[in-house]
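Residue numbers for the sequence shown follow the numbering used here, so the first one is 153 and each next one is one higher.
Down below is the structure, laid out as C-alpha cells.
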Amino acid sequence: MNAQAISVAATRVAAAIGLFLALAMSEAAADAGFQRWVSQFRSVAAKSGINGNTFDRAFRGVTAPDPEVLEKARYQPEFRAEVWEYFDNRVNESAITIGRQLARQWKPWLDHIEAKFGVDRHILLAIWSIESNYGEILKNDRVMRNAVRSLATLAYADKRRAKYARQQLIAALKILQRGDIDVSHLTGSWAGALGHTQFIPTSYEAYAVDVDGDGRRDIWNSIPDALATAANLLARNGWRTGHTWGYEVSLPGGRKFPGGSMSLDRWASIGVVRANGKDFPRGGDNAELKVLQGRDGPAFLMTKNFFVLKRYNNADKYALAVGLLADEIAGYSGLQRDWNRPFTRLTSSETEELQRRLSALGYYNGPIDGKIGSGSRDAIKALQSRLGLTQDGHPSKEVLSTLRRY
Numbered sequence: 153m154n155a156q157a158i159s160v161a162a163t164r165v166a167a168a169i170g171l172f173l174a175l176a177m178s179e180a181a182a183d184a185g186f187q188r189w190v191s192q193f194r195s196v197a198a199k200s201g202i203n204g205n206t207f208d209r210a211f212r213g214v215t216a217p218d219p220e221v222l223e224k225a226r227y228q229p230e231f232r233a234e235v236w237e238y239f240d241n242r243v244n245e246s247a248i249t250i251g252r253q254l255a256r257q258w259k260p261w262l263d264h265i266e267a268k269f270g271v272d273r274h275i276l277l278a279i280w281s282i283e284s285n286y287g288e289i290l291k292n293d294r295v296m297r298n299a300v301r302s303l304a305t306l307a308y309a310d311k312r313r314a315k316y317a318r319q320q321l322i323a324a325l326k327i328l329q330r331g332d333i334d335v336s337h338l339t340g341s342w343a344g345a346l347g348h349t350q351f352i353p354t355s356y357e358a359y360a361v362d363v364d365g366d367g368r369r370d371i372w373n374s375i376p377d378a379l380a381t382a383a384n385l386l387a388r389n390g391w392r393t394g395h396t397w398g399y400e401v402s403l404p405g406g407r408k409f410p411g412g413s414m415s416l417d418r419w420a421s422i423g424v425v426r427a428n429g430k431d432f433p434r435g436g437d438n439a440e441l442k443v444l445q446g447r448d449g450p451a452f453l454m455t456k457n458f459f460v461l462k463r464y465n466n467a468d469k470y471a472l473a474v475g476l477l478a479d480e481i482a483g484y485s486g487l488q489r490d491w492n493r494p495f496t497r498l499t500s501s502e503t504e505e506l507q508r509r510l511s512a513l514g515y516y517n518g519p520i521d522g523k524i525g526s527g528s529r530d531a532i533k534a535l536q537s538r539l540g541l542t543q544d545g546h547p548s549k550e551v552l553s554t555l556r557r558y
C-alpha cells in the first residue's frame, strides 16, 4: 500500500472513530438528561402520593429512554386500512373458534361475571380477542415492555404525548404501590396499555376489580380479573343487560336516510328492515344508522350498547368488530351482506399458508398469524412486482394459487 492509500485509509478510520465517539457522547448526554428528568419527576410523583420506596423500585435499572418506544411513537404509517381489512384481521375463523373454546373453558367464571355486571360474556370474549389475541401478545417480548420505562420515555422525549404519559405514569406507580402487580410484571404496550384487556393505567385505576378474591386486581395473570375489569367499565358506562349492540339491516334503494337517532319502529316505517328478515324485538329502542363502506357494504342500526362499546375505544370500526365477533362466538350467523372487496377473501388458515409461502421465498419475515399488516402487504407487492402483476398487495386466493405453483 502506498503512502497516499495509507493516508486515505487512516483518514477513514479516524472519521469512523470520530462518528462512533460522537454518537456515544450524544447517547450518553441523552441518558444523562433522562436521568435528570427522572430525578426531578420524583418530587412530582411524591405530590401525587407515591412514596420513595415505590418510586425507587419502579425506576431501578431504568437509566435510559427506550428507543423502540420513540420509534413507534414517531412512526405514523400513511396506509389506512380498508374497512374489509380491519374486520378480516379481527373477525375471522380463528378468533371465533378460539373464543368458543375459551367460553367453555372459563364458563364458571363467565357465569359469575355476567351475573355480577350484566354484560354479555361473548362481548367480553370478543374484547379479549381484539385487545390481546386472547392474551397471546402478553407472551411477545417485541410487544410487551416495561410500562414504567415506556411511559417515562414518552413523558421525557415525546412532546405530543408528554402530558398523557406523565398522567399514565403516576397511575402506573399507584398500581405498583397498591401491590396489584410487582415491578417485574408491570408490562404493557409501547404506549402503556396493560394486561389481557389492554387498559391504560388511569382506566385501570377507575375500573379494575379483584373478582377472584386474591386481594390483587391482576389483569396480567388473572383471566377472571381481566374480563371482570372490562365488564365493569361497560357496566358503569351504561351497558343495557339483555340488549344487543345493533342490527344488520337492508336499505331500500333510491333514497337518502336521515342522520341521528330514531326508534327502530320509525326506521322500519321508512323501509329499513333487518337483513335476516326478522322483526326488531324492541321497536321502541332508538338506533342510529351506520354504513362504514357506504352503500357498497353492509348497513347497521346501532343501539345504546354500541355506543357504550365506544367508551372502550372511541371508533366505530372497533365497536362494530367487537359486536360482530361476539355474535359469531355466540353462534349467530355472520353478515348477510359481506364487505365489498376487490378480490376473493382467504380463510384464516389460508392466510397463514400465504405468509408461510412468502416467508419460504424470502419475501416475508413477520409472524405467521393470519393477520395482514404492512409486512404482509409489502411481501405480496414484492412478489407481484417480480411476476409483472398489479402491485395491489391484496391477500387474495389468486395470489395464494400463484404461490402454490412454486
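All C-beta atoms in this analysis are idealised placements derived from N, C-alpha and C, irrespective of residue type, glycine included.
Only a predicted model underlies this, so the values are computations on that prediction, with no experimental measurement involved.
Own chain partners of residue i with C-beta closer than 7 angstroms, once the 5 adjacent residues on each side are dropped
i    : result
S178 : Residue placement at S178 cannot be trusted, given a pLDDT of 48 that sits under 50; what the coordinates show is reported in the next sentence. So no residue of the chain qualifies.
I289 : V295 and M296
A309 : P217 and L222
T206 : L325, L328 and Q329
R226 : none
N389 : V460 and R463
Cβ shell of residue i (< 6 angstroms), same chain only, five flanking positions each side left out
i    : result
E283 : T349 and Q350
P450 : E400, L487 and R489
E440 : S413 and M454
I520 : E504, Q507 and R508
G287 : H348
A317 : L303, L306 and A307
L555 : R509
N244 : S500
D437 : L416 and T455
A157 : Here A157 scores only 42 on pLDDT, less than 50, and its place in the model should not be relied on; the value that follows carries that caveat. Within the same chain, A157 has no close Cβ partners at all.
V425 : S402
L97  : Past the boundaries of the shown model lies residue 97; the chain is included only from 153 to 558, so the question cannot be answered.
H337 : W372
Cβ-Cβ separation, residue j to residue i (assumed contact under 8 angstroms), whole Å
i    : j    : result
L510 : L535 : 7 angstroms
H274 : I422 : Wrong, their Cβ atoms sit about 31 angstroms apart, outside the cutoff.
I371 : D377 : 5 angstroms
R368 : G405 : That belief does not hold up - the Cβ atoms of R368 and G405 are roughly 56 angstroms apart, past 8 angstroms.
F495 : S528 : With 8 angstroms as the limit, F495 and S528 do not qualify as a contact, their Cβ atoms being about 14 angstroms apart.
G435 : S415 : 6 angstroms
Y558 : L513 : 7 angstroms
R497 : D240 : 7 angstroms
Cβ pair residue i, residue j closer than 8 angstroms
i    : j    : result
I265 : L379 : yes
N457 : W397 : yes
L539 : R463 : no
L306 : R313 : yes
L328 : R209 : yes
A278 : L477 : yes
S402 : A382 : no
S246 : S500 : yes
W391 : V474 : no
A323 : Y356 : yes
I532 : G522 : no
W258 : I375 : yes
K442 : D468 : yes
G483 : T393 : no
W342 : E502 : no
N432 : A420 : In the sequence on display, residue 432 carries Phe and not Asn. Yes, the pair counts as a contact, with Cβ atoms nearer than the cut-off.
Beta-ladder partner(s) of residue i, from DSSP
i    : result
N346 : Position check: residue 346 holds Leu in this sequence, whereas Asn was assumed. L346 is bridged to G340 and F351.
R297 : G340
E400 : F452
S548 : R497
Residues near residue i in its chain [Cβ-Cβ closer than 8 angstroms; skip 5 each side]
i    : result
V214 : V190, N298, V300, R301 and A304
E237 : I524
N492 : W236, Q445, D448 and G449
T542 : Q536
I202 : I322, L325, K326 and Q329
I248 : L477, E480 and I481
| query | In chain order, which continuous runs of the alpha helix (DSSP H) of length 4 or greater are located wholly inside the region 408 to 469? | reply | 416 to 421 and 456 to 461
| request: Would you mind listing the alpha helix (DSSP H) stretches within the region 361 to 389 that are 4+ residues and don't spill past its ends, in chain order? | output: 375 to 388
| message | I'd like the ranges of any alpha helix (DSSP H) spanning at least 4 consecutive residues and lying wholly in the region 480 to 526. | response | 500 to 512
| field | Sequence ranges, alpha helix (DSSP H) only - wholly within the region 182 to 256, length at least 4 | value | 204 to 211, 219 to 226 and 235 to 240
| task | With a floor of 4 residues, list each alpha helix (DSSP H) that falls wholly inside the region 255 to 340, ordered by position along the chain. | result | 259 to 269, 273 to 284, 299 to 309 and 314 to 330
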